[in-house]
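This report concerns only the one structure given below.
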Amino acid sequence: MHTALNTLRTTPILSVKTESPTVKTYTLKDKLCAKAKPGQFLMLWIPGVDEIPLSVMYAENDRVSVTVKAVGDATRHLHSMKPGETVGVRGPFGNCFTEASGKILMVGGGTGTAPLLFLARRLATKAQRLSFVVGAKTKTELLFLKELNAVCTEQGVITTTEDGTYGLQCLVTEPLGKLLAATKFDMVYTCGPELMVSKIFNLTEQHGISFEASLERLMRCGIGLCGSCVIGKYRVCRDGPVFNAAQLSEVKSELGISKLGFDGERIPV
Amino acid sequence: MSRNPLSTSFAGLKLRNPTALASGILGYTAESLQRVVEGGAGAVVTKSVGAAPRMGYANPTVVQANCGLVNAMGLPNPGIDEFVEEIAHAKIILQAPLIVSVFGYSAEEYALVAEKAVAAGAEALELNVSCPHVKQTGSEIGQNPRILAEVVAKVKGAVQVPVIVKLSPNVTDMAETARVAVKAGADALTAINTVKAMAIDVDTTLPVLSNTRGGLSGPAIKPIALRCVYDLYETVETPIIGCGGITTWKDAVEFFLAGAIAVQVGTAVALENPNVFHAINRGVKAYLKKKGYGSVKEIVGIAHRA
Ligand SMILES: Cc1cc2nc3c(=O)[nH]c(=O)nc-3n(C[C@H](O)[C@H](O)[C@H](O)COP(=O)(O)OP(=O)(O)OC[C@H]3O[C@@H](n4cnc5c(N)ncnc54)[C@H](O)[C@@H]3O)c2cc1C
Ligand SMILES: Cc1cc2nc3c(=O)[nH]c(=O)nc-3n(C[C@H](O)[C@H](O)[C@H](O)COP(=O)(O)O)c2cc1C
Ligand code: FES
């Protein structure tokens with residue numbers, strides 16, 4: 011680990027964009043995080059409140075963007091912050107998605123769509139086919155439809171909502187059976203709720219397709235030291251957050267099942 | 002017949018090499034301890050476990066300093082009644098001695114946790130009487146000779162396995178603490194835990210750690226830890242395990258020369274990776290060969306001849 015990456019940098023929020031009623035994108039100036047690759051994350055310090063892991067949604071020149079859903083204390087506090095206010099960053103940390111070519115399918119659930127959009131933008135010019143299934147509970151929570159339509163191949167974006175207010179009324183995993191049977195994809199990428207990830211993992215295994223998923227675990231240090239984020243023998247913050255099919259098979263007894271809580275106890279995912 | 006020049010032993014524990022994982026680094030699950038053994042560790046120490054679950058402090062819990070890290074995790078742990086399952090699993094899969102780190106708020110609590118840990122499979126115990134950032138335990142126990150003696154004696158009376166006492170550098174006279182621990186029955190000493198420290202962000206003018214104060218680890222504290230081991234070697238006959246900033250084989254050799262029978266490695270697992278133990282062992286082995294020593298045990302304390 012380069013200690014420069016782990017050194018806390020304070021930086022002003024440059025801009026805030028509302029993506030949905032519960033999700034906002036924050037753009038910050040940070041030279042190191044601006045070099046992040048798709049799949050990597052940063053630790054965002056909300057001064058006096060908390061420090062949380064967030065996937066990089068975009069990185070360019072000296073800027074980095076993260077897309078954040080308000081779910082609790084830290085994220086709600088962040089949502090109340092405005093451009094010009096100060097936050098801190100460490101990172102970028104973790105590994106990244108491998109950049110595959112050929113026919114590619116991405117499946118994003120909730121804010122898990124953010125790192126996949128970053129990846130999709132990188133792969134857009136290389137991929138022979140780029141399809142994206144994106145799901146949410148309801149229409150207003152669907153993220154990045156415009157951006158995804160701009161980078162995916164024609165009619166490549168399939169949307170699902172649980173309440174049927176937009177696209178197909180089903181879970182994001184539902185259209186996959188048909189899609190995988192119809193097309194021999196070269197790679198499937200996913201990020202989102204872990205039950206979704208483990209379902210998709212099972213499907214890609216059945217079809218014998220290469221697979222990479224970005225996982226979430228409780229993170230404290232972010233640098234592979236404290237052990238809060240382990241799944242099996244892996245540290246999600248350092249050996250991940252992106253894992254391939256072979257690695258995921260090794261952690262099947264925990265994937266979608268259990269994780270460590272704040273006190274290190276094994277709790278249901 | 003070829004002997005393993007790295008094998009060592011202390012307090013009845015046999016180690017295939019003299020490097021061990023320090024407490025609080027990846028120490029929650031059997032599988033992550035196993036990963037460290039695969040990375041070359043000759044023994045492992047678990048995360049410190051207490052009588053009841055603790056959530057630890059809010060983030061930030063770790064902050065980078067020049068040549069080190071300041072941490073205040075706040076002893077997050079699931080409590081011994083939950084942790085016994087992990088100990089039992091670790092005992093089955095690990096090919097190296099399993100040392101369980103224990104803390105408490107009273108001598109009775111230390112002894113209770115110790116008993117349960119040993120019943121579940123701990124091959125030795127390390128008493129954390131040196132954590133600098135949680136009130137009423139850790140270094141607050143280690144700083145008070147009367148309470149320290151009581152804790153060590155109570156635990157010794159409760160278990161049959163070796164009891165290691167981990168010392169804090171945050172005291173006026175570490176030799177005195179060591180003497181008390183040894184007199185009360187400590188089978189070995191680990192030196193050192195982290196050095197009290199903090200970090201302030203100049204932009205927001207706030208302390209960075211949520212707990213404000215924490216402990217410094219990593220290369221920055223190596224010279225301090227080395228001096229502690231050197232002093233302890235002249236103070237007590239008890240085996241000493243060196244800990245603090247050890248990252249390379251050269252660091253490890255310095256500690257052996259100062260008087261450590263083995264070393265623990267913590268922060269370097271993050272600075273490098275879990276295979277850092279292999280790298281250290283390879284370097285120590287090459288050093289022994291080059292210098293004509295048959296065993297690492299031959300170099301323990303030889304810096305004191307001067
Ligand atoms: C590698 C990684 C990338 C992530 N990327 C994003 C992202 O791009 N966008 C986004 O909105 N969220 C992301 N998250 C999740 C985000 O970190 C949590 O939503 C946030 O920490 C919640 O904090 P809170 O105080 O608002 O909520 P709390 O009320 O504290 O917690 C709500 C839930 O969030 C999770 N959580 C809380 N603290 C942490 C922590 N330190 N580490 C991990 N999970 C935590 C727990 O499951 C908890 O139950 C990511 C998590 C990880 C591990
Ligand atoms: C993140 C972190 C957590 C720690 N947790 C514990 C602990 O639970 N119990 C303990 O006795 N020491 C704990 N320590 C101290 C280490 O075991 C070790 O004594 C110290 O870090 C110095 O060694 P190092 O420089 O090799 O890390 C912790 C250290 C760090 C960095
Ligand atoms: S968050 Fe500390 S090891 Fe991953």
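Protein sequences appear in the order of chains G and U. Each residue of the first sequence is one higher than the last, beginning at 11 in this note's numbering. Each residue of the second sequence is one higher than the last, beginning at 2 in this note's numbering. Virtual Cβ for every residue (Gly too), placed ideally from N, Cα, C.
query: Quick one: is the Cβ of Cys239 (chain G) within less than 8 Å of any heavy atom of ligand 2?
result: If you number the first sequence from 1, residue 239 (chain G) lands on position 229. It does not: the Cβ of Cys239 (chain G) is nowhere closer than 8 Å to a heavy atom of ligand 2.
task: Use the C-beta contact count for Gly143 (chain U): other C-beta atoms within 10 angstroms, 16 or more gives buried, fewer gives exposed.
output: Within the second sequence, the letter at position 142 stands for residue 143 (chain U). With 16 or more other CB atoms across the displayed protein chains lying within 10 angstroms of its CB, Gly143 (chain U) is buried.
message: Would Val45 (chain U) pass as an interface residue toward chain G - the criterion being a Cβ-Cβ separation below 9 Å?
response: Here the question's residue 45 (chain U) lines up with position 44 in the second sequence. No Cβ of chain G is located within less than 9 Å of the beta carbon of Val45 (chain U).
message: Check this for me: beta carbons of Gly122 (chain U) and Leu99 (chain U), under 9 Å apart or not?
response: Residue mapping note: residue 122 (chain U) aligns to position 121 of the second sequence, counting from 1. Residue mapping note: residue 99 (chain U) aligns to position 98 of the second sequence, counting from 1. Leu99 (chain U) sits close to Gly122 (chain U), with the two beta carbons spaced by under 9 Å.
field: Gly105 (chain U) in three-state terms, based on DSSP
entry: Within the second sequence, numbered from 1, the residue matching residue 105 (chain U) stands at position 104. When DSSP states are grouped into helix, strand and coil, Gly105 (chain U) belongs to the coil group.
field: is_contact[Pro48 (chain G), chain U] using C-beta, thresh 9 Å
entry: Working through the first sequence from its first residue, we reach residue 48 (chain G) at position 38. Interface with chain U (9 Å Cβ-Cβ cutoff): Pro48 (chain G) is excluded.
- request: Using a Cβ cut-off of 9 Å (strictly closer), state whether Glu72 (chain U) contacts chain G.
  value: As a first step, residue 72 (chain U) must be located in the second sequence, where it is residue number 71. Inspection of the sequence shows that residue 72 (chain U) is occupied by Asn rather than by Glu. Residue contact with chain G for Asn72 (chain U): present (Cβ-Cβ distance below 9 Å to some residue of chain G).
message: Against chain G, does Asn18 (chain U) count as a neighbour if the rule is that its beta carbon must be under 9 Å from one of theirs?
response: By 1-based counting over the second sequence, the position of residue 18 (chain U) is 17. No, Asn18 (chain U) does not count as interfacial toward chain G.
query: From Gly186 (chain U) to Thr239 (chain U), what distance separates their C-alpha atoms?
result: One-based indexing of the second sequence puts residue 186 (chain U) at position 185. One-based indexing of the second sequence puts residue 239 (chain U) at position 238. About 10 Å.
Residue burial classification, Gly295 (chain U) (beta-carbon count within 10 angstroms, cutoff 16): Taking the first residue of the second sequence as 1, we reach residue 295 (chain U) at position 294. It counts as exposed.
message: I'd like to check one pair, Leu16 (chain U) with Ala97 (chain U): are the Cβ atoms closer than 9 Å?
response: By 1-based counting over the second sequence, the position of residue 97 (chain U) is 96. By 1-based counting over the second sequence, the position of residue 16 (chain U) is 15. Less than 9 Å separates the beta-carbon of Ala97 (chain U) from that of Leu16 (chain U).
task: Could you pull out every unbroken beta strand (DSSP E) segment of at least 3 residues lying fully inside the segment 222-267 of chain U, listed in chain order?
output: Complete beta strand (DSSP E) runs here, min 3: 241-244 and 263-266.
message: Strictly below 8 Å CB to CB, what residues from chain U border Ile62 (chain G)?
response: Residue mapping note: residue 62 (chain G) aligns to position 52 of the first sequence, counting from 1. Under the 8 Å cutoff, chain U gives Asn60.
message: So Trp55 (chain G) and Pro61 (chain U) are supposed to be a Cβ contact under 8 Å. How far apart are they, rounded?
response: Numbered from 1 along the first sequence, position 45 holds the residue referred to as residue 55 (chain G). Numbered from 1 along the second sequence, position 60 holds the residue referred to as residue 61 (chain U). Trp55 (chain G) to Pro61 (chain U), Cβ: 6 Å. Contact.
- request: Consult DSSP for Met11 (chain G) and reduce its assignment to one of helix, strand or coil.
  value: Counting from one through the first sequence, the residue named residue 11 (chain G) turns up at place 1. Residue state, collapsed to three classes: coil.
message: Can you tell me whether Met175 (chain U) is helix, strand or coil according to DSSP?
response: Within the second sequence, residue 175 (chain U) is the residue found at index 174, counting from 1. In this structure, DSSP gives Met175 (chain U) a helical state, which the three-state scheme calls helix.
- prompt: Where does the unbroken beta strand (DSSP E) through Asn129 (chain U) begin, and where does it stop?
  reply: For the purposes of this step, residue 129 (chain U) is taken as residue 128 along the second sequence, with counting starting at 1. Taken as a continuous stretch (DSSP letters only), the beta strand (DSSP E) holding Asn129 (chain U) covers Ala125 to Asn129.
- prompt: Contact check, Gly219 (chain U) vs Trp250 (chain U) under 8 Å by CB: the rounded distance?
  reply: Taking the second sequence and counting its residues from 1, one reaches residue 219 (chain U) at position 218. Taking the second sequence and counting its residues from 1, one reaches residue 250 (chain U) at position 249. About 17 Å separates the beta carbon of Gly219 (chain U) from that of Trp250 (chain U), a gap too long to meet the 8 Å contact definition.
- request: With 9 Å as the threshold, decide whether the Cβ of Glu32 (chain U) is near any Cβ in chain G.
  value: Residue 32 (chain U) sits at position 31 when you count from the first residue of the second sequence. Yes - at least one Cβ of chain G is within 9 Å of the one on Glu32 (chain U).
query: Using the rule of at least 16 other Cβ atoms within 10 Å of the residue's Cβ for burial, across every protein chain shown, is His305 (chain U) buried or exposed?
result: As a first step, residue 305 (chain U) is located in the second sequence; it is residue number 304 there, counting from the start. When all chains shown are included, His305 (chain U) counts as exposed.
task: Select from the segment 29-59 of chain G all residues with a C-beta closer than 7 Å to any C-beta belonging to chain U, and list them in chain order.
output: Using a CB distance below 7 Å, the part of the segment 29-59 of chain G facing chain U consists of Trp55, Pro57 and Gly58, ordered along the chain.
Coarse secondary structure for Ala69 (chain G), derived from DSSP in three states: As a first step, residue 69 (chain G) is located in the first sequence; it is residue number 59 there, counting from the start. In the displayed model, Ala69 (chain G) falls within a strand according to three-state DSSP.
query: Hey, would you say the C-beta of Met56 (chain U) is under 8 Å away from at least one heavy atom of ligand 3?
result: Stepping through the second sequence from its first residue, residue 56 (chain U) is reached at position 55. Placement of the Cβ of Met56 (chain U) at a distance of 8 Å or more from every heavy atom of ligand 3 is found.
- prompt: Taking C-alpha atoms, which residue in G:Asp83, G:Val182 and G:Leu18 lies nearest to Thr148 (chain G)?
  reply: Position 138 of the first sequence, counting from 1, holds the residue named residue 148 (chain G). Selection G:Asp83, G:Val182 and G:Leu18 evaluated against Thr148 (chain G) yields G:Val182 as nearest (Cα-Cα).
message: Is any non-hydrogen atom of ligand 2 found closer than 8 Å to the C-beta of Asn72 (chain U), if you look at the structure I gave you?
response: On the second sequence, residue 72 (chain U) is found 71 positions in, with the first residue counted as 1. Yes, the beta carbon of Asn72 (chain U) sits closer than 8 Å to at least one heavy atom of ligand 2.
task: Using 8 Å as the cut-off, classify the Cβ of Cys244 (chain U) as near or not near the heavy atoms of ligand 2, replying yes or no.
output: Numbered from 1 along the second sequence, position 243 holds the residue referred to as residue 244 (chain U). Checking the Cβ of Cys244 (chain U) against ligand 2 gives yes.
- request: Spell out whether any CB of chain G is found under 9 Å from the CB atom of Arg214 (chain U).
  value: Within the second sequence, the letter at position 213 stands for residue 214 (chain U). Any Cβ of chain G closer than 9 Å to the Cβ of Arg214 (chain U) would place that residue at the interface, and such an atom is absent.
query: Can you tell me whether DSSP reads Met2 (chain U) as helix, strand or coil?
result: What you label residue 2 (chain U) is simply residue 1 of the second sequence in a count that begins at 1. In this predicted model, Met2 (chain U) has a pLDDT of only 44, less than 50, meaning its place in the structure is not dependable; the value taken from the coordinates is given anyway. Looking at Met2 (chain U) - three-state DSSP - the assignment turns out to be coil, as it is neither helix nor strand.
query: In chain G, what lies closer than 9 Å to Thr268 (chain U) by C-beta?
result: Here residue 268 (chain U) corresponds to residue number 267 of the second sequence, with the count starting at 1. The answer, in chain order, is Leu235.
field: Extent of the continuous alpha helix (DSSP H) to which Ser259 (chain G) belongs
entry: Counting from one through the first sequence, the residue named residue 259 (chain G) turns up at place 249. Unbroken alpha helix (DSSP H) run through Ser259 (chain G): Ala255 to Glu260.
message: Taking the alpha carbon of Arg276 (chain G) as the reference point, which residue from U:Asp82, U:Ala253, U:Gly158 and U:Gln161 has its own alpha carbon closest?
response: Taking the first sequence and counting its residues from 1, one reaches residue 276 (chain G) at position 266. With distances taken between Cα atoms, Arg276 (chain G) lies closest to U:Asp82.
- prompt: Does the beta carbon of Asn78 (chain U) come closer than 9 Å to any beta carbon on chain G?
  reply: To locate residue 78 (chain U), count along the second sequence from 1; it is residue 77. Answer yes: the Cβ-Cβ gap between Asn78 (chain U) and chain G drops below 9 Å somewhere.
field: Candidates U:Asn212, U:Ser140, U:His90 and U:Ala269, of which the one nearest Val196 (chain U) by Cα
entry: On the second sequence, position 195 is the one that residue 196 (chain U) refers to. Checked all of U:Asn212, U:Ser140, U:His90 and U:Ala269; the closest Cα to Val196 (chain U) is U:Ser140.
message: In the DSSP assignment, the alpha helix (DSSP H) including Ala152 (chain U) goes from what residue to what residue?
response: For the purposes of this step, residue 152 (chain U) is taken as residue 151 along the second sequence, with counting starting at 1. Ala is not the amino acid found at residue 152 (chain U); the sequence shown has Val there. DSSP places Val152 (chain U) in the uninterrupted alpha helix (DSSP H) bounded by Pro146 to Ala159.
query: Given 8 Å as the limit, is there contact between the segment 224-232 of chain U and the segment 241-259 of chain U, that is, 3 or more CB pairs closer than that?
result: Because the criterion of three Cβ pairs below 8 Å is met, the segment 224-232 of chain U and the segment 241-259 of chain U touch.
CA-to-CA distance, Ala124 (chain G) to Gly250 (chain G), given in whole angstroms: In the first sequence, residue 250 (chain G) corresponds to position 240, counting from 1. In the first sequence, residue 124 (chain G) corresponds to position 114, counting from 1. About 17 Å.
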